[in-house]
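Take a look at the structure below.
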Amino acid sequence: MPRSINFDSPFPGFLRLFMALSLVFSYGGAYAMPAVPQGEPCTLHILNQPSADLHQFQLELECQDTGSIFTYRIEVEKLGKSGTSKTSQSGRITIDSKRLVVGNVKINVTPTDTVRVNASLSNSENVVVSQVNREYPPTR
Numbered sequence: 025m026p027r028s029i030n031f032d033s034p035f036p037g038f039l040r041l042f043m044a045l046s047l048v049f050s051y052g053g054a055y056a057m058p059a060v061p062q063g064e065p066c067t068l069h070i071l072n073q074p075s076a077d078l079h080q081f082q083l084e085l086e087c088q089d090t091g092s093i094f095t096y097r098i099e100v101e102k103l104g105k106s107g108t109s110k111t112s113q114s115g116r117i118t119i120d121s122k123r124l125v126v127g128n129v130k131i132n133v134t135p136t137d138t139v140r141v142n143a144s145l146s147n148s149e150n151v152v153v154s155q156v157n158r159e160y161p162p163t164r
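In this note's numbering, each number is its position in the sequence shown, counted from 1, plus 24.
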């Protein structure tokens with residue numbers, strides 16, 4: 025005869041907590057992203073060039089070696105009084121110099137908006153080898 029689970033014992037609560045945390049850590053909460061391996065081949069920097077209402081975001085790569093092929097992705101999310109908007113750009117690049125600027129995402133920003141920028145660099149196996157996240161709070 026099968027035994028039933030005693031829900032009064034602490035074990036099922038821990039089991040539920042473990043399962044919930046496993047889902048959050050496995051899927052990153054919103055989307056899955058492979059782990060970043062040790063020894064990043066490139067370091068990423070988010071460049072922000074504001075002019076009036078328009079902000080331009082680009083990704084600067086500082087790489088150890090040339091000749092590698094990567095896929096970059098830059099996502100820009102704006103949160104403000106008028107709502108939320110999100111835009112992204114990705115592309116495949118061959119590293120031909122130690123310093124390289126890629127991407128060109130432009131978005132209208134007001135002084136009361138918060139802007140979040142997430143960028144990543146993946147190798148040919150779609151493993152994220154470098155990533156950077158930055159938040160620009162409202163200026164007033």
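Where is the CB? At the ideal position from N, CA and C, for every residue including glycine.
Endpoints, beta strand (DSSP E) assigned at residue i
i: serine 109; result: 107–118
i: glutamate 86; result: 78–87
i: glutamate 19; result: Because the chain is modelled from 25 through 164, residue 19 falls outside the range shown and cannot be assessed.
i: glycine 127; result: 123–132
Alpha-carbon spacing of residue i relative to residue j, whole angstroms
i: glutamine 80; j: cysteine 66; result: 22 Å
i: serine 106; j: glutamine 113; result: 23 Å
i: threonine 138; j: alanine 76; result: 16 Å
i: glycine 91; j: leucine 68; result: 17 Å
i: isoleucine 117; j: proline 162; result: 33 Å
i: threonine 136; j: leucine 83; result: 24 Å
i: threonine 134; j: asparagine 72; result: 14 Å
i: valine 126; j: arginine 164; result: 30 Å
i: glycine 104; j: glycine 115; result: 28 Å
Residues that DSSP places opposite residue i in a beta bridge
i: serine 154; result: Leu145
i: glycine 138; result: It is worth fixing the name first, because residue 138 is threonine in this sequence and not glycine. For threonine 138, which the question treats as bridged, DSSP gives the partners Leu103.
i: serine 75; result: Leu78
i: threonine 90; result: None, per the DSSP bridge assignment.
i: arginine 97; result: Ser114 and Ser144
Own chain partners of residue i with C-beta closer than 7 Å, once the 5 adjacent residues on each side are dropped
i: arginine 158; result: Ile70 and Val141
i: serine 148; result: Ile93
i: threonine 168; result: The question about residue 168 has no answer here: the residues shown for the chain are numbered 25 through 164.
Neighbourhood of residue i by C-beta, 8 Å cutoff - its chain only, sequence neighbours within 5 removed
i: glycine 52; result: Its pLDDT being 40, under 50, glycine 52 is placed unreliably in this model, and the coordinates cannot settle the point.
i: threonine 108; result: Glu101 and Lys102
Neighbourhood of residue i by C-beta distance below 6 Å, restricted to the same chain and skipping five residues each side
i: serine 154; result: Glu64, Cys66, Leu68 and Leu145
i: tyrosine 160; result: Val139
Quiz item: Counting pairs of beta carbons, one from the region 93–111 and one from the region 138–149, are three or more of them closer than 8 Å?
Solution: Counting Cβ pairs under 8 Å, three or more are found: they touch.
Quiz item: Is it true that the region 111–126 meets the region 81–97, where meeting means three or more beta-carbon pairs spaced less than 8 Å apart?
Solution: Counting Cβ pairs under 8 Å, three or more are found: they touch.
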